[in-house]
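Protein chains: 4
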Amino acid sequence: MTRVTVWNEYRHERQEERIREVYPQGIHAQLASFLSEAGLDTATATLDEPEHGLTEEVLNNTDVLVWWGHVAHQEVSDEIVNRVHQRVLQGMGLVVLHSGHMSKIFMKLMGTSCDLKWREAGEKERLWVMDPSHPIAEGIGEYIDLEQEEMYGAHFDVPAPESLIFVGWFEGGNVFPSGSTYRRGSGKIFYFQPGHESYPTYYNKEIQQVIINGVNWCAPAKRDYPVYGHSEALEPIREKVGV
Amino acid sequence: MTRVTVWNEYRHERQEERIREVYPQGIHAQLASFLSEAGLDTATATLDEPEHGLTEEVLNNTDVLVWWGHVAHQEVSDEIVNRVHQRVLQGMGLVVLHSGHMSKIFMKLMGTSCDLKWREAGEKERLWVMDPSHPIAEGIGEYIDLEQEEMYGAHFDVPAPESLIFVGWFEGGNVFPSGSTYRRGSGKIFYFQPGHESYPTYYNKEIQQVIINGVNWCAPAKRDYPVYGHSEALEPIREKVGV
Amino acid sequence: MTRVTVWNEYRHERQEERIREVYPQGIHAQLASFLSEAGLDTATATLDEPEHGLTEEVLNNTDVLVWWGHVAHQEVSDEIVNRVHQRVLQGMGLVVLHSGHMSKIFMKLMGTSCDLKWREAGEKERLWVMDPSHPIAEGIGEYIDLEQEEMYGAHFDVPAPESLIFVGWFEGGNVFPSGSTYRRGSGKIFYFQPGHESYPTYYNKEIQQVIINGVNWCAPAKRDYPVYGHSEALEPIREKVGV
Amino acid sequence: MTRVTVWNEYRHERQEERIREVYPQGIHAQLASFLSEAGLDTATATLDEPEHGLTEEVLNNTDVLVWWGHVAHQEVSDEIVNRVHQRVLQGMGLVVLHSGHMSKIFMKLMGTSCDLKWREAGEKERLWVMDPSHPIAEGIGEYIDLEQEEMYGAHFDVPAPESLIFVGWFEGGNVFPSGSTYRRGSGKIFYFQPGHESYPTYYNKEIQQVIINGVNWCAPAKRDYPVYGHSEALEPIREKVGV
Chain A
1 MTRVTVWNEY RHERQEERIR EVYPQGIHAQ LASFLSEAGL DTATATLDEP EHGLTEEVLN
61 NTDVLVWWGH VAHQEVSDEI VNRVHQRVLQ GMGLVVLHSG HMSKIFMKLM GTSCDLKWRE
121 AGEKERLWVM DPSHPIAEGI GEYIDLEQEE MYGAHFDVPA PESLIFVGWF EGGNVFPSGS
181 TYRRGSGKIF YFQPGHESYP TYYNKEIQQV IINGVNWCAP AKRDYPVYGH SEALEPIREK
241 VGV
Chain B
1 MTRVTVWNEY RHERQEERIR EVYPQGIHAQ LASFLSEAGL DTATATLDEP EHGLTEEVLN
61 NTDVLVWWGH VAHQEVSDEI VNRVHQRVLQ GMGLVVLHSG HMSKIFMKLM GTSCDLKWRE
121 AGEKERLWVM DPSHPIAEGI GEYIDLEQEE MYGAHFDVPA PESLIFVGWF EGGNVFPSGS
181 TYRRGSGKIF YFQPGHESYP TYYNKEIQQV IINGVNWCAP AKRDYPVYGH SEALEPIREK
241 VGV
Chain C
1 MTRVTVWNEY RHERQEERIR EVYPQGIHAQ LASFLSEAGL DTATATLDEP EHGLTEEVLN
61 NTDVLVWWGH VAHQEVSDEI VNRVHQRVLQ GMGLVVLHSG HMSKIFMKLM GTSCDLKWRE
121 AGEKERLWVM DPSHPIAEGI GEYIDLEQEE MYGAHFDVPA PESLIFVGWF EGGNVFPSGS
181 TYRRGSGKIF YFQPGHESYP TYYNKEIQQV IINGVNWCAP AKRDYPVYGH SEALEPIREK
241 VGV
Chain D
1 MTRVTVWNEY RHERQEERIR EVYPQGIHAQ LASFLSEAGL DTATATLDEP EHGLTEEVLN
61 NTDVLVWWGH VAHQEVSDEI VNRVHQRVLQ GMGLVVLHSG HMSKIFMKLM GTSCDLKWRE
121 AGEKERLWVM DPSHPIAEGI GEYIDLEQEE MYGAHFDVPA PESLIFVGWF EGGNVFPSGS
181 TYRRGSGKIF YFQPGHESYP TYYNKEIQQV IINGVNWCAP AKRDYPVYGH SEALEPIREK
241 VGV
C-alpha cells in the first residue's frame, strides 16, 4: 500500500477566518481525507511541527510526499529541504500543488526560478486534458471546469516537462501548463496548478481524482538505487603504444 | 560577435608536472586559443582570481560561459554560483565540460546529484553521433575516436536532456550520454564529456569543432526577458452568482 | 540564401468570392510576398500544376517547403507525397500551416490521425508564447492577438513535439497546441495553427514574423546524410568458445 | 488480465535448419511461452495464416501486440497494417522486436526510414540501463550481457523517443539506442533491439523480463477514446464590429 505524507504550511487556515471557513481543519486534512478514502496509507505533516514534521523516520516511510505551501516558503529550513531532495533522488514521489511552485524543494529540483504570472480575480478556469493517454488523466473527461480559481499564467519558468497533461484556460484571457510531470534521479514529480486557499478546489471530485492519480503515478517501484563512483573495466583494455 | 568567457579552476596544471606538460598555460588557455581562432570574442577567468574572475561586469558582458572544474568545486563561492545561475536563467549560454558535471553551477541547474561511474585507465573512447541533424554535430562525421580518455559511464544522474547528441563507447565496456543539451529559463546549456586533464583531448580538431558548435548553439538571442508577477485581466470576467 | 517553396492547394480562392476578397492572388501569393520581403528566395507551387508543381527539380532546389491545404488533401498524389517525404528525411525543412494538419504529408510524418476539434465562429484567439527562448518566438511579445480565427481545440492527435512554442486561447473556451516543432530524419518540421482562409491572418505582421522565423529554423544545415546498412567492425571481435 | 498477441512472420524457422534448431516451434512460440508463464493471456499469429492471423476479432481482443518480422515485411498487406495502425491509435500497445524496426507498421507509426547500421558477426552486446527509474527496467541490474547478438548501430533513423531505456555497447565498437518508448494516439509503443533469429536471445531470463515489463507498460488503460471534430462553443463569443 502506497504511503503518502501530505505536507502543508498550515498558516492561511489558522490566521484568516475566510480561509478557515473553506478548510476548517487545514488544507492537509482535506487532501488526506480523500487520499485515505482512495485506499492510500495517508499521514500529514505541517511547517510548525518539529523538523516541519519531516523527520528522517517519516521520510524513510513515505512513498509519495504531497506539498502545499505559499506564504512561508522561506521558513522551511534548508536542512529539511536537502533531506527531502535526497529522498526524491532516491525514489520518493513528489506531488507539488498550486503555490508550491515557489517552494524551496520544487525550485531546487527544477533549477529555475519557477516564476509565473498570477491574478486573484475569482475567474473561471477550464483545465483541458492535453494527453488523454497519460495515467494521470485516467477517469477524467475532456476537461475540468472550476467556477473560480486563481489565475496562473504563462510563461512558467520551469524546464520542459516529461509530459504536459493539462493546460488551463482562464476566463481573463490567459493559459497555463497546469499539470506536468518530471523525473529527477529515481524520483517522479507531478506539478498540478489548481488549489488556491480561498476557493473550495480540493472538494471537487475531478480535482481529487487527478491528485489520486498523480500520487499513484509518482509511487516508486521497488528497485535498487543506481551505483555511482569508481568502476572496474568489464572488457580488456589494450596497452597504448608510446604512452 | 559572441562573447565567450572560459572559466577554469586551474589547479591541476599548476600543481602537477604531468598535467602541466599537457596544458602548459592551463586548460583555459588551450580552450580560449581555438575558440578565438574560430572568430569568437574570448576571454578567460580562473578560480583564484578575485570573485573567481566572474564579476558582475564580466558576466554581464558574457554571452556564453565555458566551465572546466574538477578538484575544487567546493571552493567556488555560493554567491558567485548564484550570480552565474541568474545570468543563465536570463539567457547566458553555458558549456559544461567533463568533470564540470559535479560543479555547483551544473548541479544547481540540473536539480540532481549529477553522479556517474568513472575509471582512469587510459582506454579508448569512440563518441558516436546520435543526432546528426543537430547543429552541434555539424562538421563531425559518424563518430570521433579518442585514443585515451577517462571512462565516464551510465547511469548518469541528470534529467532527460532536450537532445542527446553523442553517446560514448568505451573500450572497457561502458557507454555514456556524452553530449546533451538543456534549457533552463532563457539560457541554453550544453554538457560535453571529453576532456580529462591528463590527456590531450582539447588539441583534437573534432573535439574543438564540437565545443565551437556548442558555444554557437548556446549563444543567446536578442530578446526581452519574460515578465512574471501580478497581471491584469485581458478579457472581461463575469461576476459569479452567490460568491 | 534559403530557398523556400510555398505550396497551396489554391481552391478556396478560385471558387469562393468571399475568400478571393481576402486573398485575391491566393494564399500562396500572400505567404510568398512577406517571405520574399524577409530576404528569402521564394517560389510558389499549387495543386493543379503538373506534378502539383513539386517536380524532382523543384524539390531538389528547395530548402524549406511551406504547406497550406484544406479541402483537397486527397487529390495530392501518393507519389508526390512520397517524394516530399523522402526530401524531408534527407533534410528539407517543412512548415505546415493551419488545415495542413490533415495533409497526407503531415500525417505520414507524424504517424497519427492528426485529428482535432474545430469551430468556425469568428472568435478571438490569443496565441501565448510558451517557450520564449525558442528562435521561432524571436521578436514576438508575450502573445499575439487575432481578432478572429477558426477554433482548433485539444486534444490534437499528434506525437509529443520537440518544443511547444505557442498555446492558443480561444474566446469560446478552448485551448490548442498552436506552434510545435518536430524532427524526422534529417528534416525539421514546424506546425503553426493560424491561417483560416476566410480571415486575413497572413496579413498580420506578428504571424508573418513567426512564419519567417519558422522557415529560418527549419532550414537545413549543410551536412552529409547519415550512412545506414552493413558496417564492418571497428574493434576486434573475439572468437566465442563452443559456437 | 492483459491479452497479448505475439505475431511472427515465421519463415526463418521453417526454411533454415540452423534457425529451427534455436527456435523449433518458432520465435512466436518461445515468446508466448514466457509471456504466458508471467501470467499474461497470450495467443500467437503468423504471416501465412488468413489475414496474417490478425482479424478484426483478434485485434479487438488484443491489449498488446508483440511484433517480430524480418525477411517478409513486404508481404504484410497494407490493409492489415492499416488495421493494426488504427488499433494502436485507439490504445492497443505495441512491442516491436529486433528486425521489426523495418516492418510496415513500425515505419508507419514512426514516419521515418527506421534505417540503421548492422553486422552479423557473433559479437558480444552489453545492454546498459540508461533510465533505471523506468518501469521497463524493473528487476534488471545495471546491464544485460549477451554473449552474441547481431550488431545494430547508430545512427537509428527514428523520432526522438519518449524515454531511452537501454543503450547497447557492441564488442565491435558500435552503440545503439536499444530500448525506447513512444506514444502515438492513445497507444504506447516499445521498441527493443535484441533477438536475432540465429542466437538464443529469447531464452535469456533478463531479456524475457524486459519484454514482460514492456508488455505490461504498453497495456492500455480503460478510458474513452478522445472526441474530435466540430465542437460547440463553451463560452459566449462576442459579435465582432464591422465583420
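Protein chains in written order, with the UniProt record's numbering: chain A, 1 to 243; chain B, 1 to 243; chain C, 1 to 243; chain D, 1 to 243. Glycine is no exception: its CB is placed at the ideal position from the N, C-alpha and C atoms.
{"query": "Inter-residue Cα distance where the pair is A:Ser133 and D:Pro236", "result": "30 Å"}
{"query": "Contact check, A:Ser178 vs A:Leu127, beta carbons under 9 Å", "result": "yes"}
{"query": "Short CB-CB distance (under 9 Å) between D:His155 and chain C", "result": "yes"}
{"query": "Residue-level contact to chain D via CB, B:Arg126, 9 Å cutoff", "result": "yes"}
{"query": "Reference D:Ser232, options C:Ile212, C:Tyr152, C:Arg184, C:Gly111, closest by Cα", "result": "Here residue 232 of chain D is Glu; the residue named in the question, Ser, does not match the sequence. Nearest C-alpha to D:Glu232: C:Tyr152."}
{"query": "Selection from A:Gly39, A:Ala38, A:Met1, A:Val76 that minimises the alpha carbon distance to A:Trp7", "result": "A:Val76"}
{"query": "Per-residue burial, A:Asp224 [other beta carbons within 10 Å of its own, 16 or more giving buried]", "result": "exposed"}
{"query": "Given 8 Å, three or more beta-carbon pairs between the region 194-204 of chain A and the region 112-130 of chain B", "result": "no"}
{"query": "Selection of the region 172-187 of chain D by Cβ proximity to chain B, strictly under 8 Å", "result": "Gly173, Asn174, Val175, Pro177"}
{"query": "Straight-line gap, A:Met102 to A:Pro220 (C-alpha atoms, nearest Å)", "result": "24 Å"}
{"query": "Alpha-carbon spacing of C:Val129 relative to C:Ile144, whole angstroms", "result": "8 Å"}
{"query": "Local conformation of C:His230 per DSSP, three classes", "result": "strand"}
{"query": "Meets three-Cβ-pair contact criterion under 8 Å: the region 156-169 of chain C and the region 53-68 of chain C", "result": "no"}
{"query": "Neighbouring residues, chain B, relative to A:Ala121 (Cβ below 7 Å)", "result": "Ala233, Ile237"}
{"query": "Per-residue burial, C:Asn82 [other beta carbons within 10 Å of its own, 16 or more giving buried]", "result": "exposed"}
{"query": "Residue closest to A:Val88, alpha-carbon to alpha-carbon, out of B:Leu234, B:Ala72, B:Gly91, B:Thr112", "result": "B:Thr112"}
{"query": "Backbone secondary structure at C:Phe156 - three-state DSSP", "result": "coil"}
{"query": "Supposed contact pair A:Val84 and A:Ile105 - C-beta distance, whole angstroms, cut 8 Å", "result": "5 Å"}
{"query": "Unbroken stretches of the alpha helix (DSSP H), 4 residues or longer, contained in the region 4-52 of chain D", "result": "12-15, 17-22, 27-37"}
{"query": "D:Val175 versus B:Phe190: straight-line alpha-carbon distance, rounded", "result": "21 Å"}
{"query": "Residue-chain proximity (C:Ser133, chain B), Cβ-Cβ < 9 Å", "result": "yes"}
{"query": "Per-residue DSSP class, three states only, for D:Gly111", "result": "coil"}
{"query": "Inter-residue spacing [alpha-carbon to alpha-carbon] between C:Gln74 and C:Ile80", "result": "12 Å"}
{"query": "Close Cβ partners of D:Ile19 (< 7 Å) along its chain, the five nearest in sequence each way excluded", "result": "His12, Glu13, Glu197, Ser198"}
{"query": "Under the three-state DSSP convention, the category C:Lys188 falls into", "result": "strand"}
{"query": "Close-in-space but distant-in-sequence residues of the same chain around A:Trp118 (CB under 8 Å, 5 per side omitted)", "result": "Glu150, Met151, Tyr152, Gly153"}
{"query": "Within chain C, partners of D:Lys117 - CB distance below 8 Å", "result": "Val227, Tyr228, Gly229, His230, Ser231"}
{"query": "Option in C:Gly173, C:Gln148, C:Gly214 with minimal Cα separation from C:Ser180", "result": "C:Gly214"}
{"query": "Under 9 Å between C-beta atoms of C:Tyr23 and C:Gln30", "result": "yes"}
{"query": "Residue-level contact to chain D via CB, C:Glu162, 9 Å cutoff", "result": "yes"}
{"query": "Buried versus exposed call for A:Asp48 [16 or more other C-beta atoms within 10 Å across all chains shown]", "result": "exposed"}
{"query": "DSSP state of D:Val88 mapped onto helix, strand, coil", "result": "helix"}
{"query": "Neighbour list for C:Leu89 in chain D, Cβ cutoff strictly below 8 Å", "result": "Thr112, Ser113, Asp157"}
{"query": "Chain D contact residues for B:Met151, given Cβ-Cβ distances below 8 Å", "result": "Under the 8 Å cutoff, chain D gives no residues; its nearest Cβ is about 12 Å from B:Met151."}
{"query": "For D:Val243, three-class secondary structure by DSSP", "result": "Since pLDDT at D:Val243 reaches only 48, below the 50 mark, its modelled position is unreliable, and no value is offered."}
{"query": "Coil, strand or helix - C:Pro236 by DSSP", "result": "coil"}
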